[in-house]
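In full-length UniProt numbering, the protein residues as written are 1 to 446.
Just so it is clear, CB atoms sit at the ideal spot from N, CA and C, and this is done for glycine as well.
This structure is a prediction, so every number in the text was calculated from the model and none was measured.
What follows is one structure encoded as structure tokens, with my remarks underneath.
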Amino acid sequence: MTPPPLTLDETLSSILARRAASNRLRSLSPAPPPGTVDFSSNDYLSLSTCPTVLSTFHARLQQQSPARLGSGGSRLLDGNSPLAEALEAKLAAFYGSQAALLLPSAYAANLALLSCVPQPGDVVLYDELVHASVHDGMRLGRAQTRVAVAHASILGGAEQQQPPQQQNSLSAVLDRLTCPPSHDAEAGDLALRLRAGTCTVFLVLEGVYSMSGAAPSAAALAGVVSALDARLPRRNAHLLVDEAHSVGLLGSRGRGLASALPPALRRRVYARVLGFGKALGCAGGAVLCSRVAREYLVNYARPFIYSTATGDPALVALGTAHDFVAGGGAEGRRRRVFDLARRMHAVLGDLCRRAQREDRGNGAALRVGTDTPQSPIIPVLTPRARSLARYCQERGYLVRAIVAPTVPAGQERIRICVHAGNTEEQVDGLGKVIAGWIGEQKDAKL
């Protein structure tokens with residue numbers, strides 16, 4: 001007798017069970033207990049709890065007395081407001097862009113940009129480690145040629161860390177696109193259009209990579225642009241930079257990675273995506289672009305057109321945080337967070353060397369990068385990331401395990417985020433807790 005078909009919930013349950021069996025099931029965690037030391041959140045400058053920012057925000061709410069909590073609709077209908085337009089003007093001026101367009105989140109901003117700006121026949125190259133929102137935006141877009149590029153090609157200036165013959169190095173990808181096999185007529189047609197400049201190549205990368213903390217240097221990006229121009233003599237290649245994790249941290253007064261580039265290189269950046277939920281301690285996103293691109297997004301970007309606009313109270317919060325950073329109020333916090341990141345890196349480096357010496361195949365070995373931190377994000381790679389994260393949390397230190405599919409299998413890690421509000425004692429305390437975990441792993445093996 002044929003068994004009855006599964007119900008929809010039974011089908012979904014079986015899929016979840018398979019994910020649980022592979023130790024990849026996600027779930028919501030309760031809020032940490034009071035007194036927990038935060039080494040997890042993206043609030044790098046601790047602005048969400050900054051007394052000056054909070055008091056200014058409350059005062060502005062009283063002064064401006066927003067007439068409603070929500071916006072009442074999308075920006076194109078009833079949701080536009082003077083606060084939104086004023087904030088966009090401030091953002092454009094501060095970040096040195098012709099225009100800015102607010103969106104509900106950096107995720108929505110990437111979705112808007114990637115889903116509509118690349119045209120049919122264009123090519124989108126992307127760092128293999130870009131955020132999920134970039135992938136989702138590309139899938140919604142009309143550019144059918146989308147090619148992943150080795151992360152090392154971006155950080156190493158195209159080829160410094162990866163030989164050009166590597167299949168997905170930037171140079172190898174460009175060579176395949178511009179000099180395809182003669183028997184492939186479709187690829188040959190694309191190559192002709194690329195060399196003639198009748199289609200556009202976009203290269204998507206991040207200002208700070210959220211899972212590794214790495215940031216491309218100006219020299220590396222100069223190498224990337226040189227590799228593009230060597231194969232595309234019409235200079236029909238543009239950079240799109242996701243600055244969600246770099247604004248507030250990098251560049252003059254936290255203007256981000258692109259703003260710190262030499263002028264000639266900065267002009268190759270067609271658009272930037274800002275995120276306000278990280279260093280600025282709020283929520284929301286924006287696209288920085290030309291006036292023409294902004295008008296195009298207003299007309300064609302569905303995440304903008306069909307989303308309820310940000311309400312006035314949230315806009316007041318965004319404006320307050322932005323003014324604090326733009327006015328130099330966060331400069332001391334920026335210096336402090338990098339000082340603490342260097343201290344944390346030194347502590348973790350000592351622990352990793354100890355763990356590698358003492359490990360005897362018990363999985364306790366830790367790995368941390370040898371370079372000076374380029375951001376407050378410090379990953380510690382370990383095959384027992386969940387065990388280490390749980391051990392730290394039980395002892396009052398909030399860190400999170402990051403496992404596949406968020407990071408590639410075999411690169412499981414705990415992701416430590418240092419904040420301006422942390423103390424040296426807390427940094428050292430986390431180091432002692434991790435040392436305790438290493439000792440327990442060793443003892444369990446004996």
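- Item | Given R75 as reference, the closest of P104, S65, Q144 and P66 once Cα atoms are compared | P104
- Item | Cβ separation of A112 and V269, assumed to be a contact under 8 Å, to the nearest whole Å | Their Cβ separation, rounded to whole angstroms, is 17 Å, which puts A112 and V269 out of contact at 8 Å.
- Assign D43 to buried or exposed, taking buried as 16 or more other Cβ atoms, counted over all protein chains shown, within 10 Å of its Cβ. buried
- Message: Between L388, E358, L129 and G35, which has its C-alpha nearest A152's C-alpha?
- Response: L129
- Query: Alpha carbon to alpha carbon, how far is L203 from L45?
  - Reply: 29 Å
- Just curious, the alpha helix (DSSP H) that G275 is in, first and last residue? Premise fails: G275 lies in the beta strand (DSSP E), V269 to G275, not in any alpha helix (DSSP H).
- Query: Got a sec? Which residues, its chain only, sit under 7 Å from A435 by beta carbon, not counting five neighbours each side?
  - Reply: Closer than 7 Å at Cβ, skipping near neighbours: L351.
- Own chain residues within Cβ distance below 8 Å of V427, not counting five before or after: Only L340, R343, M344, V347 and V418 meet the Cβ criterion.
- Query: Any idea what DSSP makes of L170, helix, strand or coil?
  - Reply: Helix, per DSSP.
- Unbroken alpha helix (DSSP H) run spanning G285, endpoints: Element bounds for G285: not the alpha helix (DSSP H) but the beta strand (DSSP E), G285 to C289.
- Item | Simplified DSSP state of T11, which is helix, strand or coil | helix
- Item | Secondary structure, beta strand (DSSP E): runs of 3+ residues fully inside the region 385 to 438 | 400 to 402 and 413 to 417
- Which of helix, strand or coil DSSP assigns to Y126: Strand.
- Task: Please classify A17: is it buried, with 16 or more other beta-carbons within 10 angstroms of its beta-carbon, or exposed?
- Result: Exposed, by the Cβ-count rule.
- Message: Using 9 Å as the threshold, is the C-beta distance between N236 and L194 below it?
- Response: Cβ atoms of N236 and L194: closer than 9 Å.
- Task: Locate the alpha helix (DSSP H) running through V225, then write down its first and last residues.
- Result: A218 to R231
- Query: Which term fits E243, buried or exposed, when burial requires 16 or more other beta carbons within 10 angstroms of its beta carbon?
  - Reply: buried
- Note down the Cα distance separating N80 from D127, rounded to an integer number of angstroms. Taking C-alpha positions only, N80 is separated from D127 by approximately 35 Å.
- Excluding five sequence neighbours on each side, which residues of the same chain lie with their C-beta closer than 8 Å to the C-beta of E424? L340 and R343
- Task: Could you tell me the distance, in whole angstroms, from the CA atom of A92 to the CA atom of P383?
- Result: 44 Å
- Going by DSSP, name the residue or residues bridged to A237. Looking at the DSSP assignment, A237 forms a beta bridge with V201.
- Where Q64 and A314 are concerned, what is the direct C-alpha to C-alpha distance, given to the nearest angstrom? 13 Å
- Item | Sufficient close CB pairs (3 or more, under 8 Å) joining the region 394 to 401 to the region 315 to 327 | no
- Query: What is the rounded straight-line gap between the Cα of G207 and the Cα of S252?
  - Reply: Between G207 and S252, the C-alpha separation is close to 14 Å.
- Query: If you drop the 5 nearest sequence neighbours on each side, which residues of the same chain put their C-beta closer than 8 Å to that of T52?
  - Reply: F324 and G329
- Compute the Euclidean distance between the alpha carbons of P118 and V124, then round it to the nearest angstrom. 8 Å
- Task: Output the distance between the C-alpha atoms of P373 and G349, rounded to the nearest integer angstrom.
- Result: Roughly 12 Å between the two C-alpha positions.
- Could you pull the start and end residues of the alpha helix (DSSP H) that V347 belongs to? It spans E331 to E358 - the alpha helix (DSSP H) in which V347 sits, taken as one unbroken run.
- Query: What is the rounded straight-line gap between the Cα of L25 and the Cα of A409?
  - Reply: 15 Å
- In chain order, what residues of the same chain lie with their CB nearer than 8 Å to the CB of P379, ignoring the 5 residues before and after it? M211, S212, G213, V368, G369, I402, R413, I414, R415 and I416
- Helix, strand or coil: which one does DSSP assign to R146? strand
- Item | Which residues DSSP lists as bridging P379, in chain order | R415
- Just tell me which of S217, T7, T310 and P303 has its CA closest to the CA of F276. T310
- Query: If you draw a straight line from the alpha carbon of L174 to that of P262, how long is it in whole angstroms?
  - Reply: 24 Å
- Message: Pop quiz: R294 and L101 are said to be a contact at Cβ under 8 Å. What is the actual Cβ separation, rounded to whole angstroms?
- Response: Yes, R294 and L101 are in contact; Cβ-Cβ is about 5 Å, under 8 Å.
- Message: What does the Cβ neighbour count give for G256, buried or exposed, with the cut at 16 atoms within 10 Å?
- Response: Flag for G256 reads buried.
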